[in-house]
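This report refers to the structure that appears directly beneath it.
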Amino acid sequence: MSTEAPPDAFVAIEAVDFGYGAEAIVDAVDWAIPRGAFHCLVGRSGSGKTTLLKLAAGLLAPQRGLVRIDGVPLDGPGPRIGFVFQQPTLLDWLSVLDNVLLPLSLKRSLQEADRETARALLERVGLSAFAARHPAQLSGGQQSRVAVARALITQPALLLLDEPFAALDALTREELQDDLAALWALQATTVLFVTHDIGEAVYLADRVAIMAGGKLHHDLAIDLPRPRSRAMRYGPAFNALCRELRQAMDAAP
Amino acid sequence: MRERLASALLLVALLAGWEAWCRLGRVPALIVPAPSSVFATLWGEIASGRLLPHLAVTATEMTLGLALGCAVGLATGVLLAEAPVLRRLLHPYIVASQVVPKLALGPLFIIWFGFGLTPTIVITALICFFPLMENTLTGLSQVDSGRRELFRMLGASRLQTLLRLKLPGALPVILAGFRVAVVLALVGAVVGEFIGGRAGLGASIIAAQSVMDSSLMFGGCCCATI
Ligand SMILES: Nc1ncnc2c1ncn2[C@@H]1O[C@H](COP(=O)(O)OP(=O)(O)OP(=O)(O)O)[C@@H](O)[C@H]1O
Ligand SMILES: [Mg+2]
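Chains as they are written, first to last, in our numbering: chain A, 23 to 275; chain B, 26 to 251.
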């Protein structure tokens, strides 16, 4: 993709290269996400999705090229970016509620209102009954949901999610997709969402990019109406988009 | 519960075996006294109030030595883990210095600090220092990279990362080091008293040796074990 970043892009990834040693993991990637858009990135395992996401977060520094957030070159992780890691990475010695509050408690002392917000978020991800538990007492999928709630508590302007629902069953995953879509519509957050599930990408995104071998190969605008409903998943338009993405993935080297 | 009972029974069986061996085998009481005479002597010492002050002295030395050694060990461990330059510079020497038999330094410490509690406390502290430092260092360096990335993402300062991520994460390893240090502290305190103590369990064991009172020596060892 060598589309010149439009001026209103909130996230602009400009000719970014990254590699460990000589091998290129992310290779001349250009990508722009308009303010408030929901973009998905799909690709095979090992294609460099996580690496690209960490570059967008400022956790990794590009070897060439530049990432801009709101026009400003990114030089490290910042408070405006929320990140949901591929592993839940919760702290075992804190309760679920304290894990969700962690981003706030590192910034300032907590108020009762913060605890209320955290409880409301846990409610949204269906874990209000588990607030006092410790992460070791949760299932893998419940842990991922705590990680999503933790990323949302700071109300970040940019939310980066790395396969957050990969460990969930299909039913819960669909519920959480609806929740995430609703939260996104509410909060005017810009989202970049990594997944290997084509259906998930089509259901959530305004635009889907395919990554293969460190390059972006294909992108597809999803013009399904919003809000999207479960029934849409079985409609012909949805399936046609899934098929097109699938064929593009097969065609990518 | 079952296991508790079994291990208590084992102790009783062992003591009975020891008693029987002493009585039937006609072992001279100077070499191995029978448990009954050990307990009798021990009881006499406690009842006469001669043992308790010694016990208090040893407990004081052990506690102070343990606290000092652990505090310095923890601080050094944190410092070396946080400053890789210092670590590369100092760590090899600290490890090498552990080869020095610290008890052999006892006479030197007596010259430096005089007779009394201080030399034993210093020896105990030196012994406790190493397990704490080494475990703190290992524990802090083992913190998983995903969590470190999380703290970086959340904009945590270095101090916050240390206090809220690394130390809590390393706590199990540090506590394991502490348990080792507690055991070593007792050995350090008692053996330190062998060398320069006038009071304490170690000193009473030595005193008992000079009057050939094997029962009391065994009693002192039992006390130390408990
Ligand atoms: N720390 C690292 N050191 C060396 N190579 C790495 C490192 N991290 C990732 N890689 C390599 O970079 C490539 C891309 O990794 P990345 O994690 O971005 O893949 P991914 O697309 O997220 O895969 P998955 O879907 O399995 O999560 C892989 O080939 C991986 O081996
Ligand atoms: Mg990945």
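Note that CB positions come from ideal geometry on N, CA and C, so glycine has one too. All values reported here derive from a predicted model rather than from experimental measurement.
Using a CB distance below 9 Å, the part of the region 180–211 of chain B facing chain A consists of Gly180, Ala181, Ser182, Gln185, Arg189, Leu190, Pro193, Gly194 and Leu196, ordered along the chain. Against chain B, a Cβ distance below 9 Å from Thr111 of chain A picks out Asp169, Gly171, Arg172, Glu174 and Leu175. Distances taken from the Cβ of Lys71 of chain A to the heavy atoms of ligand 1 include one shorter than 6 Å. Against chain A, a Cβ distance below 9 Å from Met87 of chain B picks out nothing, because the smallest value is about 30 Å. Among the CB atoms of chain A, none fall inside 7 Å of the CB of Met158 of chain B. For Pro125 of chain A, a Cβ of chain B is located within less than 7 Å of the residue's own Cβ. Relative to the non-hydrogen atoms of ligand 2, the Cβ of Gln108 of chain A comes within a distance shorter than 6 Å of at least one.
In this structure, Ser67 of chain A has its CB closer than 6 Å to one or more heavy atoms of ligand 1.
At least one heavy atom of ligand 1 falls within 6 Å of the beta-carbon of Ile47 of chain A. Taking 7 Å as the cut-off, the Cβ atoms of Leu181 of chain A and Val147 of chain A do not count as close. Trp53 of chain A is bridged by DSSP to A:Ile35. Per DSSP, Phe138 of chain B has no beta bridge partner at all. At a cut-off of 7 Å between C-beta atoms, Met178 of chain B counts as an interface residue with respect to chain A. Remark: C-beta atoms of Ala206 of chain B and Leu165 of chain B do not approach each other more closely than 7 Å. Put simply, the CB of Phe105 of chain A is near chain B, with a gap under 7 Å to one of its CB atoms. Put simply, the CB of Pro56 of chain A is far from chain B, with every gap to its CB atoms at 7 Å or more. With contact defined as three or more Cβ pairs closer than 8 Å, the region 148–156 of chain A and the region 112–132 of chain A are in contact. With a cut-off of 8 Å on Cβ pairs, the region 239–256 of chain A is in contact with the region 198–209 of chain A, counting three or more such pairs. Beta-bridge pairing by DSSP links Pro95 of chain A to A:Arg90. Within chain B, the residues whose beta carbon sits less than 8 Å from that of Gly100 of chain A are Gly180, listed in sequence order.
With respect to the 7 Å criterion, Leu74 of chain A and Ala231 of chain A are not classified as neighbours on the basis of their beta carbons. With a 10 Å radius around the Cβ and a threshold of 16 neighbouring Cβ atoms, Val122 of chain A comes out buried.
The beta-carbon of Leu119 of chain A is placed no less than 7 Å from the nearest beta-carbon of chain B. For the region 73–91 of chain A, the residues whose beta carbon sits under 9 Å from a beta carbon of chain B are, in order, Lys76, Ala79, Gly80 and Leu81. In this chain, the beta strand (DSSP E) harbouring Leu242 of chain A covers Lys237 to Ala243.
As DSSP reads the structure, Asp184 of chain A sits in a beta bridge with A:Val216.
Between ligand 1 and the CB of Tyr225 of chain A, the shortest heavy atom gap is not smaller than 6 Å. Beyond the five residues adjoining it in sequence on each side, Leu76 of chain B comes within less than 6 Å, by CB distance, of Glu70 in the same chain, given in chain order.
For Trp53 of chain A, the closest Cβ of chain B is not nearer than 7 Å. A direct Cα-Cα distance of roughly 33 Å separates Leu208 of chain A from Gly68 of chain A.
Scanning A:Arg57, A:Ser161 and A:Ala171 for the CA closest to the CA of Glu138 of chain A turns up A:Ala171. The alpha-carbon of Pro101 of chain A is positioned some 31 Å away from that of His240 of chain A. Residue range Pro258 to Ala273 is occupied by the alpha helix (DSSP H) that includes Arg268 of chain A.
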